[in-house]
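Going by the working numbering, the first residue of the sequence shown is number 7, and it counts up by one from there.
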Amino acid sequence: MQGTPRPFRRDLLCIILVLLVGLAVKSWLFLRTEVLARDGVGYIRFAARLHQEPWPNVLRSEQQHPLYPIAVAVTHGLFQAADVVADSPIGWQSSAQAVSLICGLLLAVPMFFLARRLFGSRVAFWATLTFQVLPVPAQITTDTLSEGLFLLASASALLAAVIGLERRYTWAFAITGIFGGLAYLTRPEGAILIALAAVMILWLQISPTQRMPWRKALACWGGLSVAILVALPYWLTIGGLSNKPASREFFKPLQESLTQHISASPPGGSLLLASRFTDGVDGRRLDDVGPWYALGEVLDEVCKAFNYAVWIPVVLGLPWYARRFASSPGVLLLTLLIVVQFLILWLLAYRVRYISERHTLLIVLVGCILSMATLFHWAERLPTWGRALPFIRRFTWADRFLEPNRMRIGMEAAFVVAVALGLTQTLKIPHQHRVGHKLAGLWLQQHMQPFDKLVDPYGWASFYAGRFVPPSQSQIRSDSTKKPRRFVVVDPADQDLHRRRLIDEELAGIKPSELVFAWPGTDAAHLLIHAGVKQQRNPSQP
């Protein structure tokens, strides 16, 4: 199914069409997004601190990898200089979304050429278009999250790796190392790309028909090692391989070895902003999470990210991919990436009890390519399979209907209908049910003093109140005649046992407790803010 090379003009038109559709979808989501993703608060805090504090101190104390926050900080600075956005929570949100939107669009270019190189232009067009309009990828790559930049770097690394595996070009593996290193600086999963590319070079050496001189193989591995040079400044700064709590579980042996030679300040300890099935979340008590429970959670997230249907041809096409492994190392690389990424997510879910849809997007990107390739392979083979059935040969229209080109056209028509139907889900406004938190934050921005304290276990209200970066001491003016007030954000419908315990403790400690904000109203409020003065406990009391 390699297909004949297509004219460059046709490929260019396909890419332009995908970019136009992606721009329309993402622009709609960008303009309609009221509330940012909760994890986006951490990225924006990281970016804002880069404007205010020495970068090494920020890198050591923040858990996220730095490339996306750096891109947000730079973009926000450029937007401010051009007077496009203000230095406000809304301005920071727009800057972070702009980075994601641009990267999510540019992602179409390396993804198209990756799919085209392996399966032809027709598969490349539909795979790239599908990924642009699937609900989860479209919404996440327009939000204040790092996935757009991560996927852009990952797709570029994969394209270079496939070229290197097919042509044995050392420069291609060097480019793989550069983009793989950038992917790692965005999310720790980027290291998987480099590791798999290195394994694929070894696989070529083991294969009798694919073997190359060992000097050439060593040069290819040397090209991949450029990734170390890309990531080394970050490692030296933080004194380890990653500050993310989940990543430390995987990198702990290597990090212990590295820290014998490098000393650095320990990273700050802030909790993960989201958790899928930790004990106490959503009112559930989980004394133990077994491997099969974790597997079910991962499968659920993967299926949702694939919009419940796109993954099916990927699984059913595995026997066909296996027959191509010997002649197409690129197909083997993509298949291995899906398997390894899935296993890592399973281990993450089992050991850290944390998984979300956005962690599955690399699987979805590669899966869209393999899914479309499988469907078009079936369209080519279906005429042969149909004519082999005795009852089909009885119909006079069978030969005309089962003509391969007609089958491909019919497949594309079905794709158009599927894309149109899927857009109804894709274009839904993200996080619309969280708009009360934004309104609460804007209210707090008007009514809180810099010395007041805010307890917001959800994160959104504190962001829109401008508290995503704590006020400096120079901003806090002490007033001996007043005590700092304490504001507590409460979601009455929240079932998280940990948050409820924190809120109850805070409310019990402020006297008098006054209800100062209720949205949409006090009769059926979805969000409340209580305020009062925190009472000091008498040390003599038990």
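From the three backbone atoms N, C-alpha and C, an ideal C-beta is built for every residue, glycine too. Model, not experiment: these values are computed from the prediction.
Give the single residue among the options whose Cα lies nearest to the Cα of residue i.
{"i": "Leu533", "options": "Leu508, Pro463, Lys540, Ala446", "result": "Ala446"}
{"i": "Leu165", "options": "Ala201, Asp462, Phe118", "result": "Phe118"}
{"i": "Leu111", "options": "Gln455, Leu42, Ala30", "result": "Ala30"}
{"i": "Thr150", "options": "Phe36, Arg506, Leu235, Glu511", "result": "Phe36"}
{"i": "Gly229", "options": "Ala300, Gly186, Phe421", "result": "Gly186"}
{"i": "Ala159", "options": "Gln145, Gly126, Gly196", "result": "Gly196"}
{"i": "Leu42", "options": "Lys250, Gly515, Ala514, Thr148", "result": "Thr148"}
{"i": "Asp122", "options": "Gly336, Pro143, Phe523", "result": "As written in the sequence, residue 122 is Arg, which differs from the Asp given in the question. Closest by alpha carbon: Gly336."}
{"i": "Ile516", "options": "Arg16, Arg38, Ala328, Lys459", "result": "Lys459"}
{"i": "Gly28", "options": "Ile184, Pro143, Trp98", "result": "Pro143"}
{"i": "Gly97", "options": "Val423, Ile108, Leu84", "result": "Leu84"}
{"i": "Leu549", "options": "Ile21, Pro239, Ala233", "result": "No information on residue 549 is available, as it lies outside the stretch 7 to 548 that the chain covers here."}
{"i": "Val358", "options": "Ala385, Arg38, Thr215, Tyr299", "result": "Tyr299"}
{"i": "Pro518", "options": "Gln541, Leu18, Ile350", "result": "Gln541"}
{"i": "Glu511", "options": "Phe523, Asp462, Ala524, His82", "result": "Asp462"}
{"i": "Thr430", "options": "Phe469, Thr81, Gln145, Ser213", "result": "Gln145"}
{"i": "Arg128", "options": "Ser334, Pro13, Leu521", "result": "Pro13"}
{"i": "Cys109", "options": "Leu25, Asp45, Tyr49", "result": "Leu25"}
{"i": "Ala524", "options": "Leu450, Gln455, Trp326, Pro456", "result": "Leu450"}
{"i": "Asn63", "options": "Ala420, Gly245, Leu427, Ala87", "result": "Gly245"}
{"i": "Arg38", "options": "Trp384, Val522, His437, Ile509", "result": "His437"}
{"i": "Thr182", "options": "Arg193, Pro194, Ile169", "result": "Ile169"}
{"i": "Ala420", "options": "Met454, Leu381, Gln455", "result": "Leu381"}
{"i": "Leu349", "options": "Ser334, Pro325, Pro297", "result": "Pro297"}
{"i": "Gln550", "options": "His504, Pro194, Ser67", "result": "Within the shown structure, residues of the chain are numbered from 7 to 548, placing residue 550 beyond reach of any answer."}
{"i": "Glu172", "options": "Ser67, Arg330, Ser334, Gln452", "result": "Ser334"}
{"i": "His383", "options": "Arg217, Leu521, Pro325, Trp241", "result": "Pro325"}
{"i": "Asp17", "options": "Ser67, Arg221, Ala531, Pro116", "result": "Pro116"}
{"i": "Ala530", "options": "Ile509, Asp502, His504, Pro498", "result": "Pro498"}
{"i": "Val320", "options": "Ile344, Leu301, Arg329", "result": "Ile344"}
Is the CB-CB distance between residue i and residue j below 8 angstroms?
{"i": "Thr243", "j": "Ala311", "result": "no"}
{"i": "Glu40", "j": "Ile535", "result": "no"}
{"i": "Leu155", "j": "Val205", "result": "no"}
{"i": "Val495", "j": "Tyr464", "result": "yes"}
{"i": "Thr134", "j": "Ala114", "result": "yes"}
{"i": "Phe474", "j": "Val47", "result": "yes"}
{"i": "Gln58", "j": "Asn249", "result": "no"}
{"i": "Ala163", "j": "Leu339", "result": "no"}
{"i": "Pro60", "j": "Gly472", "result": "no"}
{"i": "Leu433", "j": "Trp34", "result": "yes"}
{"i": "Lys32", "j": "Leu107", "result": "yes"}
{"i": "Tyr49", "j": "Ser213", "result": "no"}
{"i": "Tyr470", "j": "Leu448", "result": "yes"}
Mind reading off the beta-carbon distance from residue i to residue j? Whole number of angstroms is fine, and I expect it under 8 angstroms.
{"i": "Arg506", "j": "Gly538", "result": "No, Arg506 and Gly538 are not in contact; Cβ-Cβ is about 19 angstroms, not under 8 angstroms."}
{"i": "Leu573", "j": "Ala189", "result": "Outside the shown range of the chain (7 to 548) lies residue 573, about which nothing can therefore be said."}
{"i": "Leu157", "j": "Leu368", "result": "7 angstroms"}
{"i": "His443", "j": "Trp466", "result": "3 angstroms"}
{"i": "Leu247", "j": "His71", "result": "Actually they do not touch by this definition, with Cβ atoms about 10 angstroms apart."}
{"i": "Val232", "j": "Ala180", "result": "5 angstroms"}
{"i": "Ala79", "j": "Thr215", "result": "Incorrect: roughly 49 angstroms between the Cβ atoms, too far for contact."}
{"i": "Glu1", "j": "Glu363", "result": "This structure cannot settle anything about residue 1, because the visible part of the chain is limited to 7 through 548."}
{"i": "Cys20", "j": "Phe131", "result": "4 angstroms"}
Quick check: does the Cβ of residue i come within less than 7 angstroms of any heavy atom belonging to the ligand ZN?
{"i": "Pro319", "result": "No copy of the ligand ZN appears in this structure; indeed no ligand is present at all."}
Are three or more beta carbon pairs between the segment 135-143 and the segment 83-94 nearer than 8 angstroms?
-> Short answer: they don't touch.
Tell me the start and end of each unbroken alpha helix (DSSP H) in the segment 296-378 that is at least 4 residues and wholly inside, in chain order.
-> Fully enclosed alpha helix (DSSP H) runs of 4 or longer: 297-311, 317-322, 324-330, 335-358.
Can you find at least 3 beta carbon pairs, one from the segment 197-212 and one from the segment 370-388, that sit closer than 8 angstroms?
-> The segment 197-212 makes no contact with the segment 370-388: fewer than 3 CB pairs, one atom from each, lie closer than 8 angstroms.
Evaluate contact between the segment 40-56 and the segment 65-85, counting only Cβ atoms and requiring at least three cross-stretch pairs below 8 angstroms.
-> The answer is yes - the segment 65-85 touches the segment 40-56, with three or more Cβ pairs under 8 angstroms.
Would you say the segment 414-427 touches the segment 339-359, given that touching needs at least three Cβ pairs under 8 angstroms?
-> Too few Cβ pairs lie closer than 8 angstroms, so no.
Just list the alpha helix (DSSP H) runs in the segment 127-160, keeping only unbroken ones of 4 residues or longer that don't cross its boundaries, in chain order.
-> Counting only runs of 4 or more, we get 127-139, 141-146.
Decide yes or no for the touch test of the segment 377-385 against the segment 313-326: beta carbon pairs closer than 8 angstroms, at least 3 of them.
-> Enough Cβ pairs lie closer than 8 angstroms, so yes.
Contact between the segment 174-182 and the segment 216-226: three or more CB pairs below 8 angstroms?
-> Yes: at least three Cβ pairs fall under 8 angstroms.
For the segment 56-95, which segments carrying the alpha helix (DSSP H) assignment without a break, of at least 4 residues, lie completely within its bounds, in sequence order?
-> Runs found: 61-67, 73-87.
Fully enclosed by the segment 185-244, which alpha helix (DSSP H) runs are 4 residues long or longer?
-> List check, alpha helix (DSSP H) in window: 196-212, 220-230, 232-244.
Taking only runs that begin and end inside the segment 490-532, name each unbroken beta strand (DSSP E) of 3 or more residues, in chain order.
-> Here the runs fully enclosed are 491-496, 516-525.
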